[in-house]
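Colleague: Going by the working numbering, the sequence shown opens with residue 2, and the numbers climb by one from there.
Just so you know, even glycine gets a beta-carbon here, dropped at the ideal spot from N, CA and C.
Note that the structure is a prediction, hence the values are computed from the model and not measured.
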Amino acid sequence: MDIQKITSLCKRRGFVFQSSEIYGGYEATYDFGHLGAEMLRNLRNLWWTEFVTKQHNVVGLDSAIISHPRVWEASGHVESFADAMVEDTVTNKRYRADHVIEDFFAKNNLGSVSADGSTLEELDELIAKHNITSPEGNSLSKAKKFNNLVQVEIGTLEDAKSVAYLRGETCQPIFYNFNLVQETSRQKVPFGIAQIGKAFRNEIKVGPFFFRTREFEQMELEMYVHPADADAHFAKFKEWCMDWLKGLGISESKLRLRDQEFKERAHYNKVATDIEYEFPFGWKEFQGIHNRGDWDLTRHGEFSGKDLSYRDPVSGEVYIPHIVEYSIGLNRLMLVLLCDAYTEEGDRVVLKLHKDIAPYKAAVFPLVRNKEDITAKAQQVYKTLVAQGISVDWDDRGNIGKRYLSQDEIGTPKCITIDYTTLEDETVTIRDRDTAKQERVHISELTSLIC
Numbered sequence: 002m003d004i005q006k007i008t009s010l011c012k013r014r015g016f017v018f019q020s021s022e023i024y025g026g027y028e029a030t031y032d033f034g035h036l037g038a039e040m041l042r043n044l045r046n047l048w049w050t051e052f053v054t055k056q057h058n059v060v061g062l063d064s065a066i067i068s069h070p071r072v073w074e075a076s077g078h079v080e081s082f083a084d085a086m087v088e089d090t091v092t093n094k095r096y097r098a099d100h101v102i103e104d105f106f107a108k109n110n111l112g113s114v115s116a117d118g119s120t121l122e123e124l125d126e127l128i129a130k131h132n133i134t135s136p137e138g139n140s141l142s143k144a145k146k147f148n149n150l151v152q153v154e155i156g157t158l159e160d161a162k163s164v165a166y167l168r169g170e171t172c173q174p175i176f177y178n179f180n181l182v183q184e185t186s187r188q189k190v191p192f193g194i195a196q197i198g199k200a201f202r203n204e205i206k207v208g209p210f211f212f213r214t215r216e217f218e219q220m221e222l223e224m225y226v227h228p229a230d231a232d233a234h235f236a237k238f239k240e241w242c243m244d245w246l247k248g249l250g251i252s253e254s255k256l257r258l259r260d261q262e263f264k265e266r267a268h269y270n271k272v273a274t275d276i277e278y279e280f281p282f283g284w285k286e287f288q289g290i291h292n293r294g295d296w297d298l299t300r301h302g303e304f305s306g307k308d309l310s311y312r313d314p315v316s317g318e319v320y321i322p323h324i325v326e327y328s329i330g331l332n333r334l335m336l337v338l339l340c341d342a343y344t345e346e347g348d349r350v351v352l353k354l355h356k357d358i359a360p361y362k363a364a365v366f367p368l369v370r371n372k373e374d375i376t377a378k379a380q381q382v383y384k385t386l387v388a389q390g391i392s393v394d395w396d397d398r399g400n401i402g403k404r405y406l407s408q409d410e411i412g413t414p415k416c417i418t419i420d421y422t423t424l425e426d427e428t429v430t431i432r433d434r435d436t437a438k439q440e441r442v443h444i445s446e447l448t449s450l451i452c
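(1) With DSSP run on the structure shown, which of helix, strand or coil describes I175?
(2) Roughly how many whole angstroms lie between the Cα atoms of R213 and W245?
(3) Quick one: using the 10 Å Cβ neighbour count with 16 as the cut-off for buried, is S252 buried or exposed?
(4) From the DSSP output, in three-state form, read off Y24 for me.
(5) Who are the Cβ neighbours of I451 in its own chain at under 6 Å, not counting the five residues just before and after it?
(6) Put F210 into one of helix, strand or coil per three-state DSSP.
(7) When you compare only the Cα positions, how much space is there between A233 and V226?
(8) By alpha-carbon positions, which one of E137, N149, T120 ends up nearest to K143?
(9) Taking all protein chains shown into account, decide if M2 is buried (16 or more other Cβ within 10 angstroms of its Cβ) or exposed.
(10) Let me know if D84 comes out buried or exposed under the rule of 16 or more other beta-carbons within 10 Å of its beta-carbon.
(11) Counting only runs of 4+ residues fully inside the region 282-339, write out the alpha helix (DSSP H) ranges in chain order.
(12) Less than 8 Å between the beta carbons of Y405 and R432, yes or no?
(13) Determine the closest residue to L338 out of I358, E373, K206, N178, with distance taken between C-alpha atoms.
(14) Around the Cβ of V387, are there at least 16 other Cβ atoms within 10 angstroms (buried) or fewer (exposed)?
(15) Per the DSSP calculation, A165 is bridged to which residue(s)?
(16) Out of curiosity, what's the CA-to-CA distance linking H301 and V72?
(17) D374: buried (16+ other C-beta within 10 angstroms of its C-beta) or exposed?
(18) In terms of residues, what are the limits of the beta strand (DSSP E) holding C416?
(19) Please report the straight-line C-alpha distance between N43 and F33, rounded to a whole angstrom.
(20) Just the C-alpha distance for T428 and Y421, rounded to the nearest angstrom, thanks.
(21) Assuming contact is defined by CB atoms lying nearer than 8 Å, are N149 and R202 in contact in what I supplied?
(22) If we count the other Cβ atoms within 10 Å of its Cβ and call it buried at 16 or more, is I194 buried or exposed?
(23) Assuming D275 and R259 make a contact with CB atoms under 8 Å, what is their CB distance in whole Å?
(24) Mind reading off the beta-carbon distance from L368 to T413? Whole number of angstroms is fine, and I expect it under 8 Å.
(25) Considering Cα atoms alone, identify which of T436, Q381, R434 is closest to T423.
(26) So, E103 versus L141, is the Cβ gap smaller than 8 Å?
(27) Can you tell me whether R333 is buried or exposed? The criterion is at least 16 other CB atoms within 10 Å of its CB, across all chains shown.
(28) Can you list the alpha helix (DSSP H) stretches of 4 or more residues lying completely in the region 205-277, in chain order?
(29) Assuming L167 and I66 make a contact with CB atoms under 8 Å, what is their CB distance in whole Å?
(30) Whole-angstrom Cβ separation of V17 and S186, contact assumed at under 8 Å?
(31) I need the straight-line Cα distance from N457 to Q288, nearest angstrom please.
(32) Check each candidate in N93, G169, F282 and name the one with the smallest Cα separation from E137.
(33) For T171, tell me which candidate among Q183, A200, A165, E154 has the shortest Cα-Cα distance.
(34) Go ahead and label K378 buried or exposed: buried means 16 or more other beta carbons lie within 10 angstroms of its beta carbon, across all protein chains shown.
(35) Can you name the start and end residues of the beta strand (DSSP E) that Y383 belongs to?
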């Protein structure tokens, strides 16, 4: 399946648009349309319900996007949050060095290679040894570091004191707010803090589609645990996260866990495992599970001068909790689900989305639009379902067959048709998206059948 089919569907039906399209668009920025907004909302709610609401020892946070600049010095991002970059010596286009190397190997059937985490010298050696060129076929510059933090100016004075950063990840406020959240929520270790929100990275290489962008949304859970228990929590997270993803209906054959090699790991990770999906453009990571040790609380304690240790209320032991992290890209998860659900059955395109993820749970049709009594009854059914907080679409255009196909393409699980018989006995035809089978049911049964 070609990613262009997903791109076309998303734009044509209102899932995702190129941002600022009337101005010619803006690279790697996207706006989520009416269907995309509903799908993202459903995913946020499902994630929050599973990892926060259902847990007795996890609480939420909604932090500012801009923090004190020292936060990003303490976290190591100012110093280490960088990708190796190479430049086309003719066009001056910039590329991530590891991606250029890996793409060149794949294109020229040189086998697989993992250049992520390689030193600048190792990257230069690979480029020279294999005569690696840019995608345009031109020679490349020496590799150099490029910081991914997005810098902004705050206030009215243009000096060093006004420099700040858009957050590169949502977890740092979870770390520097550790004491405040722990004290106000009266949680005891082990406990977690979760957050959903935007993050920003000045990525060198973007795409395909909205897989890698400079503005994206993360869903993160940071568990504070006793150092001796970190490995057990890490193992639990891997199983828990995989089970949740499978519960969303993602094909198990296209999911895998992959442990990061030492050179791939971020500076703060003791151990890291990626959950990858087999996209049309290859196996790619969309979720990470990390044992961050005591790096974060120790560093923020040092840079702030505050004590971020924890005293066990029973044993009296004082220690710096270790952090086990679960981080997933919301936008990438949406792309996973769209790719996994996209199905072609003859002339019919179907998005076989889980009913709790689909933008609409159902669509309501009057059999014909020019019969006032049928249309009025259909409107009554539609408004009754909407009043219950159910996301329902209304469609009275064209023939029934075309309306079914239109709803199949956006993933609507059930279609409800009101016809002449409905006026006699209060029954309707309900059609299933995946099987295309139809059955006759009473209007009173609709809520239980579509929710």
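Modeller: Walking through what the data contain:
(1) Secondary structure at I175: helix, using DSSP grouped into helix, strand and coil.
(2) 23 Å
(3) Around the beta carbon of S252, a 10 Å sphere encloses fewer than 16 other beta carbons of the protein chains shown; the residue is thus reported as exposed.
(4) helix
(5) Apart from the 5 residues on each side of it in sequence, I451 sits with its Cβ closer than 6 Å to the Cβ of K362, A363, K415 in its chain, given in chain order.
(6) coil
(7) Near 10 Å, if we compare the C-alpha coordinates of V226 and A233.
(8) For K143, the nearest C-alpha among the options comes from T120.
(9) exposed
(10) D84 comes out buried.
(11) 296-305
(12) Yes.
(13) I358
(14) exposed
(15) V153
(16) Note on geometry: alpha-carbon atoms of H301 and V72 lie some 7 Å from one another.
(17) exposed
(18) 415-419
(19) Rounded to whole angstroms, N43 to F33 spans 13 Å at the Cα level.
(20) 10 Å
(21) yes
(22) buried
(23) 5 Å
(24) Not confirmed; about 18 Å, so no contact.
(25) Q381
(26) no
(27) buried
(28) 231-248
(29) Between L167 and I66 the beta-carbon gap is near 6 Å, inside 8 Å, which marks them as a contact.
(30) Contact between V17 and S186 does not hold, since the beta-carbon distance rounds to 36 Å and is not under 8 Å.
(31) With the chain running from 2 to 452 in the structure shown, residue 457 is simply not present.
(32) N93
(33) A200
(34) buried
(35) That residue, Y383, is in no beta strand (DSSP E); its alpha helix (DSSP H) goes 373-388.
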